[in-house]
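Take the sequence shown: its letters are residues 2 to 375, numbered as in this note's numbering.
Backbone N, C-alpha and C define an ideal beta-carbon position, used for all residues, glycine too.
Every value quoted in this text rests on a predicted model; they were computed, and no experiment measured them.
In what follows, a single structure is set out as structure tokens and then discussed.
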Amino acid sequence: MTRFSFQIHATSGKARTGAIQMQRGEIRTPAFMPVGTAATVKAMKVEDVRRTGADIILGNTYHLMLRPGAERMARLGGLHNFMGWDRPILTDSGGYQVMSLSDLRKITEEGVTFASHLDGSRHMLSPERSMEIQRLLGSDIVMAFDECPRADQPRDVIARSMEMSMRWAKRSRDGFNAGGEHAERAALFGIQQGALDEGLRKSSADALRDIGFDGYAIGGLAVGEGQEAMFATLDFAPDQLPADRPRYLMGVGKPDDLVGAVERGVDMFDCVLPTRSGRNGQGFTWDGPINLRNARHAEDMGPLDARCTCPVCAKYSRAYLHHLHKSGEMLGAMLLTEHNLSFYQQLMAGMRAAIAQDRFAAFAADFRRDYLKR
Numbered sequence: 002m003t004r005f006s007f008q009i010h011a012t013s014g015k016a017r018t019g020a021i022q023m024q025r026g027e028i029r030t031p032a033f034m035p036v037g038t039a040a041t042v043k044a045m046k047v048e049d050v051r052r053t054g055a056d057i058i059l060g061n062t063y064h065l066m067l068r069p070g071a072e073r074m075a076r077l078g079g080l081h082n083f084m085g086w087d088r089p090i091l092t093d094s095g096g097y098q099v100m101s102l103s104d105l106r107k108i109t110e111e112g113v114t115f116a117s118h119l120d121g122s123r124h125m126l127s128p129e130r131s132m133e134i135q136r137l138l139g140s141d142i143v144m145a146f147d148e149c150p151r152a153d154q155p156r157d158v159i160a161r162s163m164e165m166s167m168r169w170a171k172r173s174r175d176g177f178n179a180g181g182e183h184a185e186r187a188a189l190f191g192i193q194q195g196a197l198d199e200g201l202r203k204s205s206a207d208a209l210r211d212i213g214f215d216g217y218a219i220g221g222l223a224v225g226e227g228q229e230a231m232f233a234t235l236d237f238a239p240d241q242l243p244a245d246r247p248r249y250l251m252g253v254g255k256p257d258d259l260v261g262a263v264e265r266g267v268d269m270f271d272c273v274l275p276t277r278s279g280r281n282g283q284g285f286t287w288d289g290p291i292n293l294r295n296a297r298h299a300e301d302m303g304p305l306d307a308r309c310t311c312p313v314c315a316k317y318s319r320a321y322l323h324h325l326h327k328s329g330e331m332l333g334a335m336l337l338t339e340h341n342l343s344f345y346q347q348l349m350a351g352m353r354a355a356i357a358q359d360r361f362a363a364f365a366a367d368f369r370r371d372y373l374k375r
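Structural data, given as structure tokens:
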């Protein structure tokens with residue numbers, strides 16, 4: 002049975018469509034991975050997540066190691082069994098959450114010592130421990146442990162951080178390889194760092210190539226630098242990575258971010274935006290995002306998006322969704338989350354079809370005309 006393989010079926014410009022084959026199923030690319038932070042895609046049942054078209058979801062190592070705990074998760078049969086999702090799961094390494102959520106942390110060559118944001122308890126996360134936790138969770142795609150510095154820091158600070166992340170990448174590779182049966186069925190992705198600097202990104206990519214990974218992520222973007230700077234970096238960063246491996250842009254993003262990144266050769270994405278926005282009353286549509294809390298929707302009996310094929314748009318009106326959100330009813334978050342995830346998957350399917358027909362430039366132009374017209 003295939004452990005991991007990636008085939009590119011068609012290209013259109015730099016955009017690629019293909020498929021990743023793993024033991025738990027096929028992942029069609031370009032792929033969007035809903036985020037299941039704490040063993041749940043918030044406000045969704047796993048069967049409904051699958052029904053939106055998702056082939057893979059993401060789990061968070063940091064949150065799961067703190068609660069319910071990696072060793073407990075292993076005793077309960079692993080993350081797939083625990084949450085009832087039988088398809089591939091990608092787990093992040095925990096590094097980004099340690100940097101962003103922990104008030105008290107100390108970074109050394111060994112790893113990161115930090116205080117839990119839940120109860121203040123002290124923990125150590127190293128490349129080896131991150132690999133062990135992801136193995137205990139039963140992850141299908143394991144992410145190397147890295148540090149993600151802010152893009153506005155001095156170049157020498159970013160360079161030192163990137164170089165340490167590359168040493169951690171080698172330790173992650175060795176730790177993953179020592180994982181026995183898990184290593185024989187799972188995959189490991191390395192993470193390119195270097196902020197917005199082309200030279201540092203190239204050095205990072207070269208170091209990752211030398212170590213060798215199943216796929217390669219572009220880290221350190223979508224951390225406040227803005228879309229223009231992100232796209233400028235994506236004009237060169239994906240091309241520095243092996244063309245025959247998946248390229249994963251971490252933590253991205255808005256629908257127009259996804260189109261622009263696919264245009265530049267990216268294959269995989271994850272982001273909390275569709276689920277978080279769904280809980281906060283924002284719906285994504287082919288004509289741009291809308292705020293369902295706005296009074297202008299109070300008597301609008303039309304669907305959220307006339308072009309959307311999801312069950313929410315087929316059955317419920319904007320007026321009803323407006324009422325649910327204004328009333329603080331949990332059903333509002335559930336329905337809008339389902340729509341948003343469905344919209345994202347329809348967007349990915351549209352991009353895959355356009356690439357297969359070598360008309361991606363026209364698809365992207367049409368999308369931007371409608372989505373950004375406001």
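Under 8 Å, do residue i and residue j count as touching if we go by C-beta distance?
{"i": "residue 202", "j": "residue 213", "result": "no"}
{"i": "residue 217", "j": "residue 289", "result": "no"}
{"i": "residue 24", "j": "residue 51", "result": "no"}
{"i": "residue 197", "j": "residue 226", "result": "yes"}
{"i": "residue 337", "j": "residue 322", "result": "yes"}
{"i": "residue 189", "j": "residue 172", "result": "no"}
{"i": "residue 347", "j": "residue 310", "result": "yes"}
{"i": "residue 314", "j": "residue 340", "result": "yes"}
{"i": "residue 250", "j": "residue 222", "result": "yes"}
{"i": "residue 13", "j": "residue 237", "result": "no"}
{"i": "residue 37", "j": "residue 79", "result": "no"}
{"i": "residue 147", "j": "residue 169", "result": "yes"}
For residue i, does the three-state DSSP call read helix, strand or coil?
{"i": "residue 255", "result": "coil"}
{"i": "residue 141", "result": "coil"}
{"i": "residue 317", "result": "coil"}
{"i": "residue 265", "result": "coil"}
{"i": "residue 292", "result": "strand"}
{"i": "residue 283", "result": "strand"}
{"i": "residue 276", "result": "helix"}
{"i": "residue 232", "result": "helix"}
{"i": "residue 226", "result": "coil"}
{"i": "residue 299", "result": "coil"}
{"i": "residue 136", "result": "helix"}
Going by C-alpha distance, which of the options is nearest residue i?
{"i": "residue 83", "options": "281, 137, 128, 52", "result": "137"}
{"i": "residue 134", "options": "362, 176, 161, 164", "result": "176"}
{"i": "residue 27", "options": "8, 215, 245, 95", "result": "8"}
{"i": "residue 200", "options": "168, 333, 228, 240", "result": "240"}
{"i": "residue 88", "options": "35, 231, 360, 374", "result": "35"}
{"i": "residue 220", "options": "132, 292, 234, 111", "result": "234"}
{"i": "residue 253", "options": "170, 365, 32, 296", "result": "32"}
{"i": "residue 381", "options": "15, 155, 42", "result": "A question about residue 381 goes unanswered here, because the residues of the chain that appear run from 2 up to 375."}
{"i": "residue 179", "options": "128, 209, 167", "result": "128"}
Just to check my reading of the structure: residue i and residue j have Cβ atoms closer than 8 Å, yes? What is that Cβ distance to the nearest angstrom?
{"i": "residue 352", "j": "residue 267", "result": "No, residue 352 and residue 267 are not in contact; Cβ-Cβ is about 11 Å, not under 8 Å."}
{"i": "residue 93", "j": "residue 144", "result": "5 Å"}
{"i": "residue 44", "j": "residue 280", "result": "6 Å"}
{"i": "residue 224", "j": "residue 149", "result": "7 Å"}
Return no unless some Cβ of chain B is closer than 8 Å to the Cβ of residue i.
{"i": "residue 16", "result": "No chain B appears in this structure, which consists of one protein chain only."}
* Tell me the start and end of each unbroken alpha helix (DSSP H) in the region 79-131 that is at least 4 residues and wholly inside, in chain order. => 79-84, 96-102
* To do: Output the residue ranges of the alpha helix (DSSP H) runs that lie fully inside the region 310-362 and measure 4 residues or longer, sorted by chain position.
  => 312-316, 319-328, 331-357
* Asked: Which runs of the beta strand (DSSP E), 3 residues or longer, sit entirely within the region 175-209?
  -> 188-193
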